[in-house]
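2 protein chains.
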Amino acid sequence: MQAISPAAARHFPPAALAMRGPAAIPRRPAAEPGVRLRFAKGEAIYTEGDEAERFYRIVSGTVRICKMLHDGRRQIEAFHFARDIFGLERGDGHRFTAEAVDDVVVLAFRARGLEDLIRDDPDLGGELMTSLLSSLDRARDHLVLLGRKSAREKIAAFLLDIAERLSGDDHFELPMQRGDIADHLGLTIETVSRTLTRMARDGLIGLQACGRTVEILNRDGLTAADAG
Amino acid sequence: MQAISPAAARHFPPAALAMRGPAAIPRRPAAEPGVRLRFAKGEAIYTEGDEAERFYRIVSGTVRICKMLHDGRRQIEAFHFARDIFGLERGDGHRFTAEAVDDVVVLAFRARGLEDLIRDDPDLGGELMTSLLSSLDRARDHLVLLGRKSAREKIAAFLLDIAERLSGDDHFELPMQRGDIADHLGLTIETVSRTLTRMARDGLIGLQACGRTVEILNRDGLTAADAG
DNA sequence: CGGTCGGTTGAGTATGCTCAATCCACGTGG
DNA sequence: CCACGTGGATTGAGCATACTCAACCGACCG
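Protein chains in written order, with my numbering: chain A, 20 to 247; chain B, 20 to 247.
What follows is the structure in structure tokens.
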């Protein structure tokens with residue numbers, strides 16, 4: 020359950036509505052290694068219902084994959100970072116929306132005729148299969164988190180995951196804002212904020228720069244705060 | 020949040036612990052169409068951590084894919100019915116457990132050397148890819164449900180989904196018990212029961228036979244009760 | 001007939017949500 | 001340089017949904 024009117028407003032930034040999609044995308048033959056595209060912060064890469072013509076590999080930046088319910092509630096299925104593949108879907112149309120969390124550069128590949136492509140290049144099939152299995156693994160773990168973990172456990176798991184994927188280090192900068200984290204973890208902005216603040220008070224993490232910069236101070240404690 | 024001691028007890032039926040795995044599985048060449056196996060109600064088909072040697076296609080029965088947290092909380096990632104493929108995972112080991120909800124018959128296929136198999140038979144690759152994409156779609160929709168829907172919306176969505184997959188009809192029998200539904204939808208047994216009872220009182224559904232037989236009486240109402 | 005298992009129902013509670021105020025950093029314009 | 005407005009984050013108070021604990025019911029089985 021989530022607010023209806025304020026949440027809806029929060030999820031339709033006027034900027035995002037104004038600049039939908041890049042002007043014209045040059046068509047290249049299928050064997051092409053991919054077309055380079057830029058998207059500004061907040062811009063939609065594709066929208067639910069769009070024809071699923073392309074899939075993407077991220078060169079730099081962060082992408083969120085999300086779905087909205089009609090009343091404005093939003094669920095962010097996943098965040099994707101550099102080198103991740105996204106946008107490959109069964110069927111003709113995209114069932115989710117992909118948006119740039121910050122400035123993003125991607126390589127776009129044609130999805131049509133993918134079967135033929137794989138027939139020609141079995142290694143590609145293997146790579147895509149691996150990428151799909153990886154997405155599926157991630158989605159499954161996230162199901163467990165959403166279905167059965169407390170707010171504190173969710174945040175702990177999220178921070179550990181992000182740290183690993185973003186830096187491998189214990190020090191990183193969150194590319195997304197509180198509302199994105201909330202909609203990813205099935206929480207509200209307020210609960211995310213409160214939980215982070217409390218974790219900082221407990222000495223598990225350090226927070227700087229508008230709460231965007233995070234440092235893991237007590238990795239064991241944070242791991243224990245997750246439920247595994 | 021979930022109970023700790025009672026829930027844990029509920030999830031370790033002595034029967035399931037007693038009879039782990041079928042005795043001996045005959046090894047056949049890779050091109051084999053699949054080895055037929057039977058599993059009794061409650062039996063584990065594979066357990067988290069097991070080597071992922073095989074994947075499966077269901078001939079008959081219902082399978083649940085689940086993960087337990089150490090304190091006994093459980094999340095059921097998915098239910099699978101006849102014709103569904105499950106058990107294909109990235110990496111060497113199963114990260115989830117598959118259990119027979121009722122008596123189950125499956126065909127088991129060797130997962131090792133799958134890349135070679137696909138190289139030999141590109142159609143198989145396509146079929147598996149489709150199956151994977153289908154699982155991913157399903158997992159993503161379920162993420163939205165778990166993260167952002169109310170108890171009533173969850174149950175409504177669940178019933179509509181099950182009806183479609185199980186019978187295509189508005190009349191069907193639930194193969195799983197309340198605890199399974201609860202752990203699939205991120206709820207408790209009591210909330211599932213109460214919500215179903217209320218839906219029956221509201222004339223949306225009919226319930227018979229220990230609440231196992233369900234009839235959809237008002238499909239529009241039920242669809243409206245979901246959030247889409 | 002007693003025991004168990006699965007399901008239902010009731011009463012009270014806690015976690016996380018809602019509503020609202022405040023704060024802070026930043027950018028803009030007088 | 002400072003006033004002002006804005007967007008994001010934080011904090012507080014009260015509340016609602018779903019959980020916990022517990023009793024009860026009905027079917028089935030030995």
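In this text, a Cβ means the ideal position worked out from N, Cα and C, and glycines have one as well.
If you measure from the beta carbon of residue i to each beta carbon in chain A, is any gap under 9 Å?
i              : result
F196 (chain B) : Correcting the residue type first, residue 196 (chain B) is Gln in the shown sequence and not Phe. No, Q196 (chain B) lies away from the interface with chain A (no Cβ there is under 9 Å from its Cβ).
K60 (chain B)  : no
R159 (chain B) : yes
L126 (chain B) : no
P45 (chain B)  : Interpretation of P45 (chain B) is limited by its pLDDT of 42, a score under 50 that renders its predicted location unreliable; the figure taken from the coordinates is listed afterwards. It does not; no Cβ of chain A falls within 9 Å.
D239 (chain B) : no
P25 (chain B)  : Unreliable positioning characterises P25 (chain B) in this predicted model, as indicated by a pLDDT of 42, which lies under 50. The coordinate reading is nonetheless provided below. Closer than 9 Å: no.
D180 (chain B) : no
D202 (chain B) : yes
P41 (chain B)  : At P41 (chain B) the pLDDT is 40, less than 50, meaning the model places this residue with poor confidence; the figure from the coordinates comes in the next sentence. Answer no: the Cβ-Cβ gap between P41 (chain B) and chain A never drops below 9 Å.
R129 (chain B) : no
Is the CB of residue i under 9 Å away from at least one CB in chain B?
i              : result
M148 (chain A) : yes
A50 (chain A)  : Because the pLDDT at A50 (chain A) is just 49, under 50, the model does not fix this residue reliably, and the value given afterwards should be weighed accordingly. Not closer than 9 Å to any Cβ of chain B, the Cβ of A50 (chain A) fails to qualify, so no.
F98 (chain A)  : no
R114 (chain A) : yes
G205 (chain A) : yes
V163 (chain A) : yes
D122 (chain A) : no
D199 (chain A) : no
R29 (chain A)  : Residue confidence is low: R29 (chain A) scores 49 on pLDDT, short of 50, so the model does not pin down where it sits. No coordinate-derived value is stated.
Just to make sure I have the definition right: I need the residues of chain B whose C-beta is within less than 7 Å of the C-beta of residue i. Which are they?
i              : result
S153 (chain A) : R109
DSSP beta-bridge partners for residue i?
i              : result
V125 (chain B) : B:L56 and B:I77
H15 (chain B)  : Given that chain B is displayed from residue 20 to residue 247, the structure contains no residue 15 (chain B) and the question cannot be resolved.
I104 (chain A) : A:R76
F98 (chain B)  : B:R83
G145 (chain A) : G145 (chain A) pairs with nothing; no bridge assigned.
G1 (chain B)   : In the structure displayed, chain B extends from 20 to 247; residue 1 (chain B) sits before or after that span and is not available.
R93 (chain B)  : B:M87
Of the residues the options, which one's Cα is nearest the Cα of residue i?
i              : options                           : result
I174 (chain A) : A:T210, A:L56 and A:V78           : A:T210
A158 (chain A) : A:D199, A:E118, A:A97 and A:T214  : A:A97
T66 (chain A)  : A:E108, A:G205 and A:G145         : A:E108
R131 (chain B) : B:F100, B:G187, B:A71 and B:L165  : B:A71
V124 (chain A) : A:G106, A:V82, A:A219 and A:L152  : A:V82
G112 (chain B) : A:P52, A:Q196, A:D188 and A:D156  : A:D156
A176 (chain B) : B:G240, B:C85 and B:S153          : B:G240
K60 (chain B)  : B:Q94, B:F105, B:R102 and B:D122  : B:D122
R92 (chain B)  : B:D202, B:L226 and B:R220         : B:D202
E183 (chain B) : B:Y75, B:A101, B:A119 and B:R129  : B:A101
G192 (chain A) : A:I235, A:G205 and A:R220         : The identity of residue 192 (chain A) in the sequence shown is Glu, whereas the question assumes Gly. It is A:I235.
T116 (chain A) : A:M148, A:I64, A:A246 and A:V78   : A:I64
L126 (chain A) : A:T149, A:L215, A:L56 and A:S212  : A:L56
S154 (chain A) : A:G145, A:D103, A:R231 and A:T232 : A:D103
In chain A, which residues lie with their C-beta within 7 Å of the C-beta of residue i?
i              : result
F105 (chain B) : In chain order: nothing, as chain A lies at least about 11 Å away.
R92 (chain B)  : R167
A89 (chain B)  : Note that residue 89 (chain B) corresponds to His in the displayed sequence, not to Ala. Those within 7 Å of H89 (chain B) in chain A are G247.
K86 (chain B)  : V163
What residue range does the beta strand (DSSP E) around residue i cover?
i              : result
E118 (chain B) : T116 to A119
K86 (chain B)  : V82 to M87
R197 (chain A) : It is not in any beta strand (DSSP E) - R197 (chain A) instead sits in the alpha helix (DSSP H) that spans R197 to L204.
L215 (chain A) : Element bounds for L215 (chain A): not the beta strand (DSSP E) but the alpha helix (DSSP H), I208 to R220.
D130 (chain B) : The question names Asp, but residue 130 (chain B) in the sequence shown is Ala. Segment: none, A130 (chain B) is in no beta strand (DSSP E) and carries neither H nor E.
A63 (chain A)  : A63 to Y65
L226 (chain B) : I224 to Q227
Would you check whether the ligand FAD has a heavy atom nearer than 8 Å to the C-beta of residue i?
i              : result
T242 (chain A) : This structure lacks the ligand FAD, and indeed carries no ligand of any kind.
Where does the unbroken alpha helix (DSSP H) through residue i begin, and where does it stop?
i              : result
L178 (chain B) : A170 to L185
Give the interface partners of residue i over in chain B, defined as CB-CB distance under 9 Å, in chain order.
i              : result
D156 (chain A) : E108, R109, G110 and R114
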